[in-house]
Every structure is written in C-alpha cells, then in structure tokens.
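Accompanying notes for the structure given below.
Residue numbers (the working numbering): 162 to 614.
Following this line, the structure appears as structure tokens:
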C-alpha cells in the first residue's frame, strides 16, 4: 500500500466523471481502492454516475444502492485493517532486527561489502577504496576530489553507475561503514509522504551492528561533521567559490593587531579575498586578479603572490623530506575510550528519562531540563569524537617529493588545508616603484610565520 499518487486511478475517476465507463472490472475490490480516501472517491463517483463494480474474486457491488455502498465500505475497512496490521508487524520486525544489530539485507548491495549467508562481508578492493575516500575527506579534500578518485580508479556504484558527488556524499554519511545500524520509527501508514521521508541519520537510533566495520566511529562522525557543515555549500552554478589558494587565508599585515568586529577576523589579522578583479580590458576580458583586504582595502596582485607562496611552501615541504613539517598534535585529544563509554552512558540516561516521563515519575518540565542537559553533553562528546576522527592533513607529506605532490595536486581544498597547517601568510603593502631587475615583486612584502607544532 502506498500514499503516492496513482495516475491510473486518477484517470479512471476522470473517465467515470466523463460518463465513458459503465462497469468496473477488477481482480479484487481492495486492489482498486487501496486507501480509505480512494474508496470514498470510487464510491462517490460510481454513485453519481450509475457505475457498478464487478470483482473477479467476489460478487458484484451496485454502488447506486445503500446496501451496495455499505458492502463496499465493509470490504474496504477489512482490507485496510489487514494492511495496517501487516505494516505494524513489519515495523516491529524491523525494530527487533535493528536492536539485534542486523544489517539491512534488501535493496542494492552497499559499496565495500558483499552479502553472504545473511551477513555483510567486506569486499577487499572496494573496502580499501572506501577507506581512502574517508581519509581524503577527513584530511581536507573536497567531495569532488573524492568522487574523481573513485571514478579514475575504475570503481562504479554497486548498480554499475559512475559515481556522482551526491552518491558519494550519501555513502560517506552512512553509519553502516562504522559498524552501526541506524533505525528510526516511521510515521504510520496513511501519513503524508513528506512525514514518511527518510530522516537524517542524526535523528535515528544507532546500534552496534554484527558486521565488520570498515572505519572507526570517530572517522565516521568526523565525516558527518564535515559534510553537514553549512560552510561547505560553496557551489554557485557549476563553479566552486573555493578556487584560489589564498582566499580568506592570507592576512593583512597592515591591519594585524587592530581591533575589529568583522566575523571573518583571523588570528593573523583581516583575511584577503581573491574574488576581486581589476577593471576589464578593452577586449572585454577580465583584468588582473587581486587580493583585497576587507578592512583597509589594500590590494596586491594575486598571481605573483600565489607564485611566491607556492615556491616557499613547496621548498618547506621538500626540506629534509618533510622533516620541517609540523607533527600531528594529539596531546590535547581526550581518551577516546573514555568518551565512547560516557556517550553510551548518556544515551542510556536519555532512555531512562523517556521511560520516567512515560511512567509519570517526573513532570514535563523536569524531563525537559534533564533531557536538555543530557542532550547537550552528548552533542559535546560527539563533537570531540568527530574532531578526533579527522585525519592529519600532512600525513602524506612526510617523504620524498612532498613539495611536488602538493604543487601538482588539483585538489584546491587540500592544498589550502596544507598551507594553513604549515604557515600563516601575511601581506604588506607593495613597495612603490619598479621592482628590482629579475623580480616580479618584492619578496619581503610577503611574511611567512612557520608553524612548528
């Protein structure tokens, strides 16, 4: 049974109203009117236009008489009751399967797993690619780059289709890969379709599954945190606004240390924007790309600045094969086992609070206060777990050719993440007059503050 619109059913009602139908022949009456609303439409249309109903399985029903309409109503209510009972049995079975940690075994096979004997078993090649996808995302790569990696590596979805960023996003949000079974009670049958649409994973109950996880829960939560971040929605049309190396990363040395209220003030001062262009040329083409301070409006030509920054960062990464690259700072990270244990205790406390409210052991106000405190603590714990799951952006840059790998990468998000991890870059006003012979710009006007930890 479905709450979706039935085009064939609508066409039948319209044909009855046009008086082009005298008799309706159907296999069974409840196959014609599948919901109480459909039954009412059939009964009213047949009564008004003198149309009778003849099921193959059953006796004819004269909709023009009170007794006929009564029979149609009784048969319809009995059929609908069976539908609701079946739906309730299915929901109960789904809930029990979820509580036991059993995976969904219907629908397309999840990428990274094979189905065998009612269980999910890792697919070695796909599982390796999936781990790479999570590692790329949590180390700062864009969803576009992850999608490109999967397609370039020859992987397709389990339906045989080319990967698209929306499919990859849904996959990376799936708790199944962290060994978690998601379950949420759906509204009862007959509810409007929007209410029955698939809820977010954050709104679902997560239970430990009985299959092998491909990633840790921390990595999955980090991925969810990244993909749910509204700041990542940067696409305008088919172009991404994150296109330039120094956008909102380079700081203004002139404005550094001044007090301001701009929301985009960084620790290095006011960031530049790389979306400004000088006046267009006479041939209609855009002029030079510039970085422009948001506060003092000081400008610098972008191409020579980016060129110098690229050379300096690459040289730093190449020095002693990445020995100068700052190490991952894990000293401030909390004990993950302690966090996971506390998260489980808080979730259990939330269940106890719900039971106490249902049993009348506490008032609604008491429940609201206690539930708010517990929910806030759970959100804080999950945020810490998500942060712990982020991959070190510099992990792949401690070896030969690190600088060249960074220079030649076409993943601008990852290159910017590396830049931010290695140094703070500040720009001072360009010197007046012509630069020295052989110089495109004065290199001393770009200040590098290298990070060592």
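For every residue, glycine included, the Cβ atom is placed at its ideal position computed from N, Cα and C.
Because the structure is a prediction, the values reported are computed rather than measured.
- Message: Let me check one thing: in DSSP terms, what residues is residue 368 bridge-paired to?
- Response: Secondary-structure assignment with DSSP links residue 368 through a beta bridge to 342.
- Taking three-plus beta-carbon pairs below 8 Å as touching, is the segment 261-276 in contact with the segment 366-376? Cβ pair count under 8 Å is three or more, so yes.
- Message: Give me the DSSP bridge partner(s) of residue 215.
- Response: Residue pairing for residue 215: DSSP places it in a beta bridge opposite 186.
- Message: Please report the distance separating the alpha-carbon of residue 509 from that of residue 405.
- Response: Going by the C-alpha atoms only, they are around 47 Å apart.
- Task: With DSSP as the reference, please indicate the residues paired to residue 280 in a beta bridge.
- Result: Answer is 277.
- Query: CA-CA distance, residue 322 and residue 231?
  - Reply: So the two alpha carbons sit approximately 52 Å from each other.
- Message: So, for residue 388: in the same chain, excluding its five sequence neighbours on each side, which residues have a beta-carbon less than 7 Å away from its beta-carbon?
- Response: Here residue 388 has 330, 333, 334 as same chain residues with Cβ atoms under 7 Å from its own Cβ, once five neighbours each way along the sequence are excluded.
- Could you tell me if residue 478 is buried or exposed, where buried requires 16 or more neighbouring beta carbons within 10 angstroms of its beta carbon? With 16 or more Cβ atoms within 10 Å of its Cβ, residue 478 is classed as buried.
- Message: What does the Cβ neighbour count give for residue 418, buried or exposed, with the cut at 16 atoms within 10 Å?
- Response: Note that residue 418 scores 47 on pLDDT, short of 50, meaning its location in the model is unreliable; the coordinates nonetheless yield the value given after this. Burial call: exposed.
- Query: Counting only runs that start and end within the segment 499-581, where is the alpha helix (DSSP H) found for 4 or more residues in a row?
  - Reply: Under the rule that a run must span 4 or more residues, the alpha helix (DSSP H) segments found entirely inside the segment 499-581 read 525-549, 563-569.
- Item | Identified DSSP bridge partners for residue 585 | Beta-bridge pairing links residue 585 to 610.
- Beta-carbon proximity list for residue 176, same chain, < 7 Å, skipping 5 on both sides: Cβ neighbours of residue 176 beyond the five flanking positions: 182.
- Query: Just to confirm, are residue 469 and residue 607 a CB contact at a threshold of 7 Å?
  - Reply: It is a contact, given that the beta carbons lie within the stated cut-off.
- Message: I'd like to know if the segment 561-578 and the segment 297-311 are in contact, where contact means that at least 3 CB-CB pairs between them fall below 8 Å.
- Response: The segment 561-578 makes contact with the segment 297-311: 3 or more CB pairs, one atom from each, lie closer than 8 Å.
- Task: Please work out which residues of its chain come closer than 7 Å, Cβ to Cβ, to residue 218, disregarding the five sequence neighbours upstream and downstream, and give them in chain order.
- Result: So the qualifying residues of the chain are 188, 189.
- Message: When you compare the CB positions of residue 271 and residue 337, do they come within less than 7 Å of one another, or not?
- Response: Yes.
- Message: For residue 422 and residue 589, I'd like the C-alpha separation in whole angstroms.
- Response: Note that residue 422 has pLDDT 37, beneath the 50 cutoff, so the model's placement of it is unreliable and the number below is only indicative. Cα to Cα, the separation comes out at about 21 Å.
- Sequence-distant residues of its chain with Cβ nearer than 6 Å to residue 186 (five each side left out): Apart from the 5 residues on each side of it in sequence, residue 186 sits with its Cβ closer than 6 Å to the Cβ of 215 in its chain, given in chain order.
- Query: Sorted by chain position, which residues of the same chain lie with C-beta nearer than 8 Å to residue 381's C-beta, five sequence neighbours on each side aside?
  - Reply: Result list for residue 381: 295, 336, 338, 339, 341, 550, in chain order.
- Return the residue from the list 169, 209, 197 that minimises the CA-CA distance to residue 660. Because the chain here runs from 162 to 614, residue 660 falls outside it and cannot be looked at.
- Item | Cβ pair residue 222, residue 229 closer than 7 Å | Contact: yes.
- Message: For a minimum of 4 consecutive residues, which ranges assigned as the alpha helix (DSSP H) are wholly contained in the segment 203-260?
- Response: The segment 203-260 contains these whole alpha helix (DSSP H) runs: 227-260.
- Task: Sort 476, 291, 531 by Cα distance to residue 516 and report the nearest one.
- Result: Looking only at 476, 291, 531, the smallest Cα-Cα distance to residue 516 is reached by 531.
- Message: Distance check for residue 204 and residue 350, CA to CA, integer angstroms please.
- Response: Confidence in residue 350 is poor, its pLDDT being 49 and thus under 50, which makes the residue's placement unreliable; the coordinate value appears in the next sentence. Approximately 22 Å, taken between the alpha carbons.
- Message: In whole angstroms, give me the CA-to-CA distance for residue 357 and residue 502.
- Response: Any reading at residue 357 needs caution, since the residue's pLDDT is 43, under 50, leaving its predicted position unreliable; the model's value is listed next. Taking the straight line from one Cα to the other gives about 33 Å.
- Message: Using the Cβ count rule (16 or more neighbours within 10 Å means buried), how would you classify residue 268?
- Response: By the neighbour-count rule (16 or more Cβ atoms within 10 Å), residue 268 is not buried but exposed.
- Quick one: Cα of residue 465 to Cα of residue 609, how far? Roughly 15 Å between the two C-alpha positions.
- Cα-Cα, which of 300, 299, 301, 291 is closest to residue 312? For the options 300, 299, 301, 291, the alpha carbon positioned closest to that of residue 312 is the one of 291.
- Query: Just how far apart, CA to CA, sit residue 565 and residue 325?
  - Reply: Roughly 29 Å separates the two Cα atoms.
- Task: Grab me the residues of residue 320's own chain with a C-beta within less than 7 Å of its C-beta, minus the 5 sequence neighbours each way, in chain order.
- Result: Here the set comprises 269.
- Task: Return the Cβ separation of residue 237 and residue 197 in integer angstroms, given the expectation that the two are a contact with Cβ distance under 8 Å.
- Result: Right, their Cβ atoms sit about 7 Å apart.
- Put residue 351 into one of helix, strand or coil per three-state DSSP. Here the model assigns residue 351 a pLDDT of 49, short of 50, so the residue's position is not dependable and the matter cannot be decided.
- Hey, residue 461 and residue 451 are a contact pair by Cβ (cut 8 Å); roughly how many whole angstroms apart? That belief holds up - the Cβ atoms of residue 461 and residue 451 are roughly 6 Å apart, short of 8 Å.
- Assigned secondary structure, residue 336 (DSSP; H/G/I helix, E/B strand, else coil): Helix, per DSSP.
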